[in-house]
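For the sequence shown, our numbering assigns the number 242 to the initial residue and increments by one for each residue that follows.
Glycine included, each C-beta is placed from N, C-alpha and C at the ideal position.
This structure is a prediction, so every number in the text was calculated from the model and none was measured.
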Amino acid sequence: RHRNGYTDGTNYGFQIRNKFALGSSLEFRQQNNGTWSEWKTIQEGPVTLYENSEGTNGAVTLNSNLSNYKYIEIFYYDKSHTGAYSSVKVYEPNGKLVNLSQLVPAKANKKIYLDGTTLSCSGTSITINNSYSWAYQEAPYVVGDTNVFYITRVIGHR
Numbered sequence: 242r243h244r245n246g247y248t249d250g251t252n253y254g255f256q257i258r259n260k261f262a263l264g265s266s267l268e269f270r271q272q273n274n275g276t277w278s279e280w281k282t283i284q285e286g287p288v289t290l291y292e293n294s295e296g297t298n299g300a301v302t303l304n305s306n307l308s309n310y311k312y313i314e315i316f317y318y319d320k321s322h323t324g325a326y327s328s329v330k331v332y333e334p335n336g337k338l339v340n341l342s343q344l345v346p347a348k349a350n351k352k353i354y355l356d357g358t359t360l361s362c363s364g365t366s367i368t369i370n371n372s373y374s375w376a377y378q379e380a381p382y383v384v385g386d387t388n389v390f391y392i393t394r395v396i397g398h399r
């Protein structure tokens with residue numbers, strides 16, 4: 242909170258409040274001759290567009306259109322090999338293709354797995370375009386076209 246310090250009886254100042262703890266925004270208002278203005282948003286917090294702790298390896302339906310966001314973060318994990326979690330940021334996501342990939346050394350069976358999935362982001366959905374899973378030991382072989390990645394959360398930033 243700031244006030245001008247004048248002693249002529251007029252009051253001018255401003256206040257800033259942080260509502261990020263509630264997942265909302267940073268806001269301010271000003272005082273002109275003793276009257277406070279309405280609160281105005283100067284920065285919005287992230288918005289959860291999708292959340293599922295188990296995750297899905299299929300299509301994701303979002304609760305808001307991707308065109309409303311400057312960038313999104315997609316959180317996912319590998320359910321087949323390691324259980325490792327990761328995320329990817331996608332700027333101006335509407336209409337974009339996104340690659341999820343990993344290289345996993347498996348000491349127990351002396352193999353290296355290469356997994357990948359291409360996602361299509363459009364409107365209120367994220368869908369699977371294609372997937373692959375390869376295993377390398379002495380010679381490479383294709384394990385299949387299975388998507389090993391499970392999307393658990395999508396967050397949008399305006």
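1. If you measure between the beta carbons of Ile396 and Glu314, is that distance less than 8 Å?
2. Among Lys281, Ser278, Asn306 and Trp277, whose alpha-carbon lies nearest the alpha-carbon of Tyr291?
3. Closest to Asn330 by C-alpha separation, out of Thr282, Thr297, Asp386 and Cys362, would be which residue?
4. Within 10 angstroms of the Cβ of Ile257, are there 16 or more other Cβ atoms? Answer buried if so, exposed if not.
5. Just grab the DSSP bridge partners of Ser327 for me.
6. Can you tell me whether Asn259 is helix, strand or coil according to DSSP?
7. What's the call for Tyr326, buried or exposed, on a 16-neighbour Cβ count within 10 Å?
8. Taking the alpha-carbon positions, what's the Gln271 to Trp280 distance?
9. Going by DSSP, what residue range makes up the beta strand (DSSP E) through Ala347?
10. Thinking Phe390 and Tyr317 are a contact (beta carbons under 8 Å), I'd like their distance in whole angstroms, please.
11. Quick check: the Cα distance between Pro287 and Ser342, rounded to an integer number of angstroms?
12. Is Asn335 closer than 8 Å to Thr231 when the C-beta atoms are compared?
13. In the structure shown, what three-state DSSP assignment does Asn298 receive?
With the given structure in hand:
1. Along the sequence shown, read from residue 1 onward, the residue named residue 396 stands at position 155. Along the sequence shown, read from residue 1 onward, the residue named residue 314 stands at position 73. The answer is yes: Cβ separation under 8 Å.
2. On the sequence shown, position 50 is the one that residue 291 refers to. Checked all of Lys281, Ser278, Asn306 and Trp277; the closest Cα to Tyr291 is Asn306.
3. By 1-based counting over the sequence shown, the position of residue 330 is 89. Checking the displayed sequence, the identity of residue 330 turns out to be Lys instead of Asn. Comparing Cα-Cα distances from Lys330 to each of Thr282, Thr297, Asp386 and Cys362, the minimum goes to Cys362.
4. Along the sequence shown, read from residue 1 onward, the residue named residue 257 stands at position 16. Exposed, because fewer than 16 other Cβ atoms sit within 10 Å of the Cβ of Ile257.
5. Here residue 327 refers to the residue found at position 86 when the sequence shown is read from its first residue. Tyr317.
6. If you number the sequence shown from 1, residue 259 lands on position 18. Correct three-state label for Asn259: strand.
7. Translated into positions along the sequence shown, residue 326 becomes position 85. Tyr326 is exposed by the Cβ-count criterion.
8. The sequence position of residue 271 within the sequence shown is 30, counting from 1. The sequence position of residue 280 within the sequence shown is 39, counting from 1. Going from the Cα of Gln271 to the Cα of Trp280 covers about 8 Å.
9. Residue numbering aside, residue 347 sits at position 106 when the sequence shown is read from its first letter. Run containing Ala347: Lys337 to Ala347, per the beta strand (DSSP E) assignment.
10. For the purposes of this step, residue 390 is taken as residue 149 along the sequence shown, with counting starting at 1. For the purposes of this step, residue 317 is taken as residue 76 along the sequence shown, with counting starting at 1. 5 Å between Cβ atoms; contact.
11. Position 46 of the sequence shown holds residue 287. Position 101 of the sequence shown holds residue 342. Cα to Cα, the separation comes out at about 25 Å.
12. The structure shown has nothing for residue 231, since the chain only spans 242 to 399.
13. Working through the sequence shown from its first residue, we reach residue 298 at position 57. Coil.
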